[in-house]
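Undergrad:
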Amino acid sequence: MNAIETRGLGKRYRRTWAVRGCDLTVPAGQVTALVGPNGAGKTTLLRILAGLATPTAGTATVLGAAPGSRQARATVSAMDQTVPLYRHLRVAGQLAAARALNDQWDADLAIQRLSALGMATSARVGKLSAGQQAQLALTMALARRPRLLLLDEPLASLDPLARQDVLGWLMTRVAEDGLSVVFSSHVIAELERVASYLVVLSAGRIQVAATVDSLLDTHLALTGPADGVDDLYDQVEIVTAQRAGRQALVLARTGAAPPGWAARPVTMEELVLGYLREPAARVVPEPGLEIAR
Amino acid sequence: MVTVKPDYDGLSPIVFYLDRGSGVPTYLQLVHQVDYALRLGFLREGDQLPRIKDVTRTLAVNPDTVMKAYRELELRGVAAGRPGVGTFITQAPDIAGLKQMAGLQRKLTGWLGEAAAAGVDELGMKALFASALRNFSDGGGAARLPGRDGSDAHGGGVARGARQDGGAA
Amino acid sequence: MSVLRMTRAAWYKHRFSVVGVPAVFLLAALALFADSVVQRHWLSVHHLSGCLVANATTGGSWCHSAAWASLSSPTQTPNVIAVAVLALPVLAGLFAGVPWVAREFESGAFRFTWTQGTGPRLWLLGTFGPLVLLAAVSAAIYGAAAYWWYQVAQWQAGTSIWSWRWSSFELTPLSIAAGPC
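Right under this line is the structure:
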């Protein structure tokens, strides 16, 4: 079963399409990084998958169920960008409410995690720092024992140590429970360690949707003479090229360096930035990988 | 806040780290660190490698990546997994290989001394080496560099000298 | 089952309102009831009990003049009370109704609730269902008491108060709903 399947998914607000023509097939058990500029539609896409927004066009399923359906809500946990919580309650009350609202609730996990974080259950949720609220929301999302986690910028309010700790905790849950995770993030450097699947969203459309391994295996960073770039277009599939004086740096989808060019493996950061710079370039999950311009 | 302490419950003699800026894929970094530990004697035959769940927790790394690293070590004949228990070192590097490595390192140190005397700084030395390495592999040289996935036609063993990819050791 | 769970969650979140608002209404109802009892006693003492079945617009003006003729009435400021009786539901709507609705939407907390095991439909039923029920029941009790009180008070209050025998019943829940809007 696929964690996420969308066909032609689109959502329009008044006159603009926040997401459009999204075809996505993310296998289960992946940690998917959702990357894109602000306003690219990441939040909209995640909200549709979470059942918080209804699509204008197309279809989507999460773990085989319709988003927002009872079956989906039983197996999918979501944490919205706004970190929704009952801010007038105390932490204990918030946990009690969550317990009341869910059939499956791992109270031990929640309590252990919060005490490991040093969060007092008598604290008022509204008075917690942004980082602590994010930790609380994340803890509750995981205490529901989901099979799929949808997180919209979960690390945004966290300090570097907390980011490391949260990612480590998430990865442990992935290792032990086979959890699938989709999270959007602006910090690309973290993604190579953590993500196994990459989705790049740009202006509401999917630019890249593939496993990290396949992407890193099929792309190379080429360095060579700036005046050789034009010729290079005939030899390899170029994603993006940067020229500076005499030297050029090219991100190419190829297995070997053409003569006159030096190749090295590309990093996730270079790959993502390269595609973001060229909105027309695509890696779509059709049979084989194809770059369409 | 929570302080993350590498805590392998004393199961493994080594601890992994990650060099994020190096551009070397994560799984390869782990492979090289095992390699390095073996050469320096931190790891010996029969030692257990850190458990996958411990590594994922402390380094915040995808468990598949650790599994990939351990599979690579198995392919090289260095380690073997015991289901339900862990991954263990099966083969210590042979002494001849270590001696060869020591000799190569001496020669390299000599070259570095010459370069420094000629006024080349560290960056210059790295650029010189990188350029030579490129020419060596492009020209087909005496030995081919293995591909990105670390697979090597010769397989097995640890001491493979200049044929290490990434060069992170 | 899930509706009960939602109700428990809603109760827990809004527990002060759920207890406070009906309490206020009941207290007000009791006050009106007590006042009315005193007034009716006064009426029977002055042999004016017949005025109860009449109403201010159609009844004999002799009730009016009799009421005004007697020197004092048990209630000092019927107009003030009349205004308060009218205002209470609106105030309840403002001070209790607003938090009930606002908390769910303005804080975006519904984005949490809607992704839990119980979904939007049950959330509506479980959250607003019992609250509306409570409001209706409080309104009914309050309205009955107000009507009963008005039967006497209409003779003492100013003529500008229109016939609101029925209005208390409908007005109270409407005011509670109007408050949040």
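As given, the protein sequences belong to chains A, B and C, one line each in that order. With this note's numbering as the guide, the letters of the first sequence map in order to residues 6 to 298. With this note's numbering as the guide, the letters of the second sequence map in order to residues 5 to 173. With this note's numbering as the guide, the letters of the third sequence map in order to residues 66 to 246. All C-beta atoms in this analysis are idealised placements derived from N, C-alpha and C, irrespective of residue type, glycine included.
(1) Does any residue of chain A have a CB that is nearer than 8 Å to the CB of B/Arg-86?
(2) According to DSSP, what are the bridge partners of A/Arg-95?
(3) Step through the CB atoms of chain A and report whether any lies within less than 8 Å of the CB of C/Glu-177.
(4) For the beta strand (DSSP E) containing B/Tyr-21, name the first residue and the last one.
(5) Kindly indicate if chain A contains any beta-carbon less than 8 Å away from that of C/Gly-85.
(6) Using three-state DSSP, classify C/Ser-101 as helix, strand or coil.
(7) Under the assumption that A/Ala-83 contacts A/Ala-55 (Cβ atoms under 8 Å), give the Cβ distance between them as a whole number of angstroms.
(8) How is C/Ala-29 classed by DSSP in three states: helix, strand or coil?
(9) Rounded to the nearest angstrom, what separates A/Gln-240 and A/Val-179 at their Cα positions?
(10) My output table needs one value for A/Pro-151: the three-state DSSP class, helix, strand or coil.
(11) Taking a cut of 7 Å between CB atoms, which residues from the region 52–65 of chain A lie near chain C?
(12) Start and end of the beta strand (DSSP E) containing A/Ile-9?
(13) What would DSSP say about A/Arg-210, mapped onto helix, strand or coil?
(14) Indicate whether A/Ala-38 and A/Ile-53 have their beta-carbon atoms separated by less than 8 Å.
(15) For my contact list, A/Ala-70 and A/Thr-49 are in at a C-beta cut-off of 8 Å; report their separation, rounded to the angstrom.
(16) Using a C-beta to C-beta distance shorter than 9 Å, which residues of chain A count as neighbours of C/Gly-182?
(17) For A/Leu-184 and A/Val-36, I'd like the C-alpha separation in whole angstroms.
(18) Excluding the 5 residues flanking B/Leu-132 on each side, which residues of the same chain have their C-beta closer than 8 Å to its C-beta?
(19) Should C/Met-181 and A/Arg-78 be called a contact, given that it needs their Cβ atoms to be closer than 8 Å?
(20) So with CB distances below 9 Å, who are the chain C contacts of A/Asp-85?
(21) Taking only three categories from DSSP, how would you classify A/Met-124?
(22) Check this for me: beta carbons of A/Ala-8 and A/Leu-68, under 8 Å apart or not?
(23) Can you give me the Cβ contacts of A/Arg-17 inside the same chain, cut-off strictly under 6 Å, excluding the 5 residues immediately before and after it?
(24) Closer than 8 Å, CB to CB, is B/Arg-110 near chain A or not?
(25) Distance cutoff 8 Å, beta carbons only. Does A/Val-91 sit that close to anything in chain C?
(26) Name, please, each residue of chain B whose Cβ falls closer than 7 Å to the Cβ of A/Glu-197.
(27) Would you check if the distance between the CB atom of A/Leu-114 and the CB atom of A/Ala-102 is smaller than 8 Å?
(28) Report buried or exposed for A/Glu-181, applying the criterion of at least 16 other Cβ atoms within 10 angstroms of its Cβ.
(29) What are the partner residues of A/Val-288, as DSSP defines its beta bridges?
(30) For B/Gly-90 and chain A, any beta-carbon pair shorter than 8 Å?
(31) For the alpha helix (DSSP H) containing A/Tyr-277, list its first residue and its last residue.
(32) CA-CA distance, C/Arg-186 and A/Gly-260?
(33) Could you spell out the range, first to last residue, of the beta strand (DSSP E) harbouring B/Gly-81?
(34) Could you tell me whether the Cβ atoms of A/Gly-173 and B/Ala-64 are closer together than 8 Å?
(35) Could you give the distance in angstroms between the alpha-carbon of B/Gly-128 and the alpha-carbon of B/Asp-39?
TA: Well, looking at it:
(1) Position 82 of the second sequence, counting from 1, holds the residue named residue 86 of chain B. For B/Arg-86, the answer is no, since every Cβ of chain A falls outside 8 Å of its Cβ.
(2) Within the first sequence, the letter at position 90 stands for residue 95 of chain A. Paired residue(s): A/Arg-129.
(3) Numbered from its first residue, the third sequence carries residue 177 of chain C at position 112. Checking the sequence, you will find Phe at residue 177 of chain C rather than Glu. With 8 Å as the cut-off, C/Phe-177 counts as an interface residue toward chain A.
(4) Here residue 21 of chain B is taken as the residue at index 17 of the second sequence, counted from 1. Per DSSP, B/Tyr-21 belongs to no beta strand (DSSP E) and is neither H nor E.
(5) Counting from 1 along the third sequence, the entry for residue 85 of chain C is found at position 20. Not an interface residue.
(6) Indexing the third sequence from 1 puts residue 101 of chain C at position 36. Looking at C/Ser-101 - three-state DSSP - the assignment turns out to be helix.
(7) On the first sequence, residue 83 of chain A is found 78 positions in, with the first residue counted as 1. On the first sequence, residue 55 of chain A is found 50 positions in, with the first residue counted as 1. Indeed, because the Cβ distance is near 4 Å, the residues count as touching under 8 Å.
(8) The question about residue 29 of chain C has no answer here: the residues shown for chain C are numbered 66 through 246.
(9) Locating residue 240 of chain A in the first sequence gives position 235, where the first residue counts as 1. Locating residue 179 of chain A in the first sequence gives position 174, where the first residue counts as 1. Using only the alpha carbons, I get a separation of about 41 Å.
(10) On the first sequence, position 146 is the one that residue 151 of chain A refers to. Here A/Pro-151 sits in coil by DSSP.
(11) Ala-55, Gly-56, Leu-57
(12) Within the first sequence, the letter at position 4 stands for residue 9 of chain A. Start and end: 7–18.
(13) Numbered from its first residue, the first sequence carries residue 210 of chain A at position 205. The answer is strand: DSSP assigns A/Arg-210 an E or B state.
(14) Residue numbering aside, residue 38 of chain A sits at position 33 when the first sequence is read from its first letter. Residue numbering aside, residue 53 of chain A sits at position 48 when the first sequence is read from its first letter. No. Outside cutoff.
(15) Here the question's residue 70 of chain A lines up with position 65 in the first sequence. Here the question's residue 49 of chain A lines up with position 44 in the first sequence. In fact, because the Cβ distance is near 20 Å, the residues do not count as touching under 8 Å.
(16) Position 117 of the third sequence holds residue 182 of chain C. By Cβ distance, chain A contributes Arg-75, Arg-78, Ala-79, Leu-106, Asn-107, Asp-108, Gln-109, Trp-110, Arg-149.
(17) As a first step, residue 184 of chain A must be located in the first sequence, where it is residue number 179. As a first step, residue 36 of chain A must be located in the first sequence, where it is residue number 31. Looking at the two C-alpha atoms, the distance is approximately 8 Å.
(18) On the second sequence, residue 132 of chain B is found 128 positions in, with the first residue counted as 1. So the qualifying residues of the chain are Ala-119, Val-124.
(19) Sequence index remark: in the third sequence, residue 181 of chain C carries index 116 (1-based). Sequence index remark: in the first sequence, residue 78 of chain A carries index 73 (1-based). Per the sequence presented here, residue 181 of chain C reads as Gln, with Met not at that position. In contact: C/Gln-181 and A/Arg-78 (Cβ atoms closer than 8 Å).
(20) For the purposes of this step, residue 85 of chain A is taken as residue 80 along the first sequence, with counting starting at 1. Within chain C, the residues near A/Asp-85 are Gly-173, Arg-176, Phe-177, Thr-180.
(21) For the purposes of this step, residue 124 of chain A is identified with residue 119 of the first sequence, where counting begins at 1. A/Met-124: coil per DSSP, three-state reduction.
(22) One-based indexing of the first sequence puts residue 8 of chain A at position 3. One-based indexing of the first sequence puts residue 68 of chain A at position 63. If you check the CB distance, A/Ala-8 and A/Leu-68 come in under 8 Å.
(23) Here the question's residue 17 of chain A lines up with position 12 in the first sequence. Result list for A/Arg-17: Thr-61, in chain order.
(24) Working through the second sequence from its first residue, we reach residue 110 of chain B at position 106. No - not a single Cβ of chain A is within 8 Å of the one on B/Arg-110.
(25) Stepping through the first sequence from its first residue, residue 91 of chain A is reached at position 86. In the sequence under discussion, the amino acid at residue 91 of chain A is Tyr, which differs from the Val named in the question. Chain C, which has a Cβ nearer than 8 Å to the Cβ of A/Tyr-91, makes this yes.
(26) Along the first sequence, one-based indexing puts residue 197 of chain A at 192. The answer, in chain order, is Thr-30.
(27) Locating residue 114 of chain A in the first sequence gives position 109, counting from the first residue. Locating residue 102 of chain A in the first sequence gives position 97, counting from the first residue. In this structure, A/Ala-102 does not lie closer than 8 Å to A/Leu-114 by Cβ.
(28) In the first sequence, residue 181 of chain A corresponds to position 176, counting from 1. Per the 10 Å Cβ criterion, exposed.
(29) Position 283 of the first sequence holds residue 288 of chain A. Beta-bridge pairing links A/Val-288 to A/Val-213.
(30) Reading the second sequence from its first residue, position 86 is the one you call residue 90 of chain B. Not an interface residue.
(31) Residue mapping note: residue 277 of chain A aligns to position 272 of the first sequence, counting from 1. According to the sequence as given, residue 277 of chain A is Val; it is not Tyr. Note, A/Val-277: alpha helix (DSSP H), 273–282.
(32) Here residue 186 of chain C is taken as the residue at index 121 of the third sequence, counted from 1. Here residue 260 of chain A is taken as the residue at index 255 of the first sequence, counted from 1. Roughly 53 Å between the two C-alpha positions.
(33) As a working note, residue 81 of chain B is residue 77 in the second sequence. Run containing B/Gly-81: none; DSSP gives neither H nor E here.
(34) Within the first sequence, residue 173 of chain A is the residue found at index 168, counting from 1. Within the second sequence, residue 64 of chain B is the residue found at index 60, counting from 1. In contact: A/Gly-173 and B/Ala-64 (Cβ atoms closer than 8 Å).
(35) Locating residue 128 of chain B in the second sequence gives position 124, counting from the first residue. Locating residue 39 of chain B in the second sequence gives position 35, counting from the first residue. Going from the Cα of B/Gly-128 to the Cα of B/Asp-39 covers about 27 Å.
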